[in-house]
Amino acid sequence: MNLMYKFPDLAFCLGEYRLQDARTGLLVHLKRHFPDLKQRKILVFFDGKKHLLSDCYSEEWEGFSIHYSHEKKADELIIGYLNYCEVPSQCLVVTSDKEILSFARRLRAKRKSSEEFYSDWVKRETEVDETEFNHLKEGLTPSSESDYWERQFLP
Numbered sequence: 036m037n038l039m040y041k042f043p044d045l046a047f048c049l050g051e052y053r054l055q056d057a058r059t060g061l062l063v064h065l066k067r068h069f070p071d072l073k074q075r076k077i078l079v080f081f082d083g084k085k086h087l088l089s090d091c092y093s094e095e096w097e098g099f100s101i102h103y104s105h106e107k108k109a110d111e112l113i114i115g116y117l118n119y120c121e122v123p124s125q126c127l128v129v130t131s132d133k134e135i136l137s138f139a140r141r142l143r144a145k146r147k148s149s150e151e152f153y154s155d156w157v158k159r160e161t162e163v164d165e166t167e168f169n170h171l172k173e174g175l176t177p178s179s180e181s182d183y184w185e186r187q188f189l190p
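Taking the numbering used here, the leading residue of the sequence shown gets 36, the next gets one more, and so forth.
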């Protein structure tokens with residue numbers, strides 16, 4: 036939850052009691068931030084249930100492993116995962132919860148506050164936007180090889 040509140044669009048959804056929209060929005064933001072999921076495993080922990088009457092505890096979504104805490108706090112699931120993890124030093128924990136950050140530090144896991152993550156996300160998005168703008172401005176929009184050859188030989 037503390038990460039969702041860092042994104043203005045997601046905080047707006049939460050303020051309007053649109054939890055599912057905020058969760059989906061966070062996943063979309065994370066997918067954009069971590070485009071190559073083949074080399075990493077990303078787990079996302081949400082407080083509560085997927086839906087009011089849902090009995091889903093875990094699911095996969097476009098390469099992400101999503102976990103719902105139900106009656107527990109998501110913090111308990113995060114700590115449980117870190118305890119279970121064979122090499123915690125290979126984990127990056129993103130949260131603003133001081134207890135989880137302290138626990139992750141003791142296990143030598145990498146840590147990033149929600150504020151730091153959001154700041155990095157904004158920086159990366161700005162760089163991506165500037166690159167895309169410059170390609171458009173210079174006529175260098177990315178294209179496939181077949182597009183290139185079609186432009187060379189077809190009117």
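C-beta: ideal position from N, C-alpha, C; glycine also. The structure displayed is predicted, hence computed values, not measured ones.
Under the DSSP definition of a beta bridge, which residues are partnered with L127? K145
Restricting to runs no shorter than 3 residues, where is the beta strand (DSSP E) found entirely within the region 49-129? 77-81, 93-96, 99-103, 127-129
Taking three-plus beta-carbon pairs below 8 Å as touching, is the region 134-147 in contact with the region 91-102? no
Measuring CB atoms only, is the region 50-59 touching the region 71-78, in the sense that at least three cross pairs come out at less than 8 Å? Touching, no, given that fewer than three Cβ pairs across the two stretches are closer than 8 Å.
Taking DSSP as the reference, what is the three-state secondary structure of F42? coil
For R159, is the classification buried or exposed, using 16 other Cβ atoms within 10 angstroms of its Cβ as the cut-off for buried? By the neighbour-count rule (16 or more Cβ atoms within 10 Å), R159 is not buried but exposed.
Any idea if D132 is buried or exposed, counting beta-carbon neighbours within 10 angstroms, 16 or more meaning buried? buried
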